[in-house]
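Notes for the one structure printed next.
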């Protein structure tokens, strides 16, 4: 028929948004997507070799909503997402070190300290104004727009101090859970608002593990943490990725009942991503696993290429895999190694 163009779907190049959402749906996109929760301004500046670019605005303390990395990163890296944070603040003592905010202790120790927890009103339209402006500015791009928020656990133990929180769980569990319920309630009220802002997917970072295993016993997690996390997680109405450092294996079956679409960032020295693919690849998208402890920070570009190639070839087949660092692109990543990750993705990542 004259004028009819036959389109082969296998030749179609997906947008970044399509690519990410297809992978989160456990399907195979045109190439492996690359998603990061944040890219430090220092790395972007070194990659661009200039400082006159729009900077990420959010800090590690998440005191106000803001962008997690600069859009200028797309000049040099094939990252498929942007990310904006709408997370509650942490009530902590901190100090600055090499451009990072380092948390030294929590401020919430007793009932008398509860008045220090002053959270933004989750019902206020003004609170979400920066997020609406971000979406309006970038929705026309082909990038998948991510939003980061939290569902109560890490804000609690950081605001109390991890040691004090752990002891209080045994000595005065009612107080520890009272603090957690404050943050869970905030998340439960904020998430329905966040759902409606126009983001494509959500990232929920709640660290629950060390390299050796969970921070808390599986019994405590199942009885005290999980029901509270579910109260907030069940409000999520867009695809979402759960992030934790460390070895989640002893609690992963319970954790997956939260209903996330993806698990990130899968530290290679804590969990075997190939075992995760075999056991859970039919249930959840795997995100991450490019080593931040050595490869991206101390390794060579050749080592980065080899690791990216290995992950794509072993975990990528069939879809359901998103390339990412094992945490984020931190200030101490070698820029040449981040660039090597980009080049390796383009070299080996096409399906």
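In the working numbering, the protein residues as written are 874 to 1224. Note that the Cβ used here is the ideal one computed from N, Cα and C, for glycine as well. From a predicted model like this one, the values you see are computed outputs, not experimental measurements.
Separation of residue j from residue i, as counted between CA atoms
| i | j | result |
| --- | --- | --- |
| residue 1125 | residue 923 | 43 Å |
| residue 878 | residue 903 | The pLDDT assigned to residue 878 is 36, lower than 50, so where the model puts this residue is not dependable; a value taken from the coordinates is nonetheless given after this. In a straight line, the C-alpha of residue 878 is about 21 Å away from that of residue 903. |
| residue 1159 | residue 1203 | 21 Å |
| residue 1055 | residue 1025 | 8 Å |
| residue 1084 | residue 1013 | 40 Å |
| residue 953 | residue 1215 | 11 Å |
| residue 1076 | residue 1045 | 31 Å |
| residue 1000 | residue 1079 | 22 Å |
| residue 1179 | residue 1053 | 42 Å |
| residue 1236 | residue 1212 | Coverage of the chain is limited to positions 874 through 1224, which leaves residue 1236 absent and any answer about it impossible. |
| residue 1098 | residue 886 | 42 Å |
| residue 1005 | residue 1129 | 30 Å |
| residue 1016 | residue 986 | 42 Å |
| residue 876 | residue 951 | Because residue 876 sits at a pLDDT of 33, beneath the cut-off of 50, its placement in the model cannot be relied upon, and the point is left open. |
| residue 1057 | residue 995 | 12 Å |
| residue 1184 | residue 1190 | 10 Å |
| residue 1143 | residue 1117 | 11 Å |
| residue 1003 | residue 914 | 20 Å |
| residue 899 | residue 1091 | 28 Å |
| residue 1206 | residue 1167 | 9 Å |
| residue 1089 | residue 1040 | 11 Å |
| residue 993 | residue 1066 | 13 Å |
| residue 1222 | residue 1028 | 36 Å |
| residue 912 | residue 955 | 10 Å |
| residue 1033 | residue 974 | 17 Å |
| residue 1103 | residue 1030 | 18 Å |
| residue 1050 | residue 1100 | 12 Å |
| residue 998 | residue 988 | 24 Å |
| residue 1186 | residue 1068 | 34 Å |
| residue 1038 | residue 990 | 15 Å |
| residue 1209 | residue 1074 | 29 Å |
| residue 1121 | residue 1035 | 18 Å |
| residue 937 | residue 1123 | 34 Å |
| residue 1070 | residue 1157 | 25 Å |
| residue 1175 | residue 1201 | 20 Å |
| residue 1127 | residue 939 | 32 Å |
Which residues DSSP lists as bridging residue i, in chain order
| i | result |
| --- | --- |
| residue 1087 | 1082 |
| residue 997 | For residue 997, which the question treats as bridged, DSSP gives no partner whatsoever. |
| residue 1017 | 954 |
| residue 968 | 975 |
| residue 1194 | 1159 |
| residue 981 | DSSP, once it has assigned bridges, lists no residue as partnering residue 981. |
| residue 1223 | 904 |
| residue 1202 | 912 |
Beta-carbon separation (whole angstroms), residue i vs residue j, contact threshold 8 Å
| i | j | result |
| --- | --- | --- |
| residue 1172 | residue 1140 | Going by Cβ atoms, the distance from residue 1172 to residue 1140 rounds to 15 Å, so no, they are not a contact pair. |
| residue 1177 | residue 1169 | 7 Å |
| residue 1042 | residue 1081 | Actually they are not in contact, since the Cβ atoms of residue 1042 and residue 1081 sit about 14 Å apart, beyond 8 Å. |
| residue 888 | residue 958 | No, residue 888 and residue 958 are not in contact; Cβ-Cβ is about 23 Å, not under 8 Å. |
| residue 984 | residue 1048 | 7 Å |
| residue 1106 | residue 1132 | 6 Å |
| residue 1087 | residue 1023 | Going by Cβ atoms, the distance from residue 1087 to residue 1023 rounds to 18 Å, so no, they are not a contact pair. |
| residue 1161 | residue 1199 | 5 Å |
| residue 818 | residue 1181 | As displayed, the chain neither begins before 874 nor continues past 1224, which places residue 818 out of reach and without an answer. |
| residue 1019 | residue 947 | Not a contact, Cβ separation roughly 14 Å. |
| residue 1224 | residue 901 | 6 Å |
Please list the segments of the beta strand (DSSP E) lying wholly inside the segment 1126-1171, counting only runs of 3 or more residues, in order along the chain. 1135-1138, 1158-1161
Say whether the segment 911-931 touches the segment 978-992, bearing in mind that this needs 3 or more beta-carbon pairs closer than 8 Å, one atom from each stretch. no
If contact is defined by three or more beta carbon pairs under 8 Å, each pair taking one atom from either stretch, is the segment 1122-1136 in contact with the segment 1146-1157? yes
Measuring CB atoms only, is the segment 1186-1195 touching the segment 924-931, in the sense that at least three cross pairs come out at less than 8 Å? no
Which whole runs of the beta strand (DSSP E) in the segment 1098-1127 are 3 residues long or more, in chain order? 1113-1117
Uninterrupted alpha helix (DSSP H) stretches inside the segment 1034-1081 (no shorter than 4 residues): 1035-1044, 1046-1068
The segment 1000-1010 / the segment 1054-1061 touching (three or more Cβ pairs under 8 Å): no
Using a Cβ distance threshold of 8 Å, determine whether the segment 1111-1121 contacts the segment 940-952, with at least three qualifying pairs required. no
Any contact between the segment 893-909 and the segment 962-969? By contact I mean 3 or more CB pairs, one from each, below 8 Å. no
Segment contact, 8 Å Cβ cut-off, at least three pairs: the segment 1208-1223 with the segment 904-911: yes
Segments assigned alpha helix (DSSP H), at least 4 residues, entirely inside the segment 899-963: 914-921
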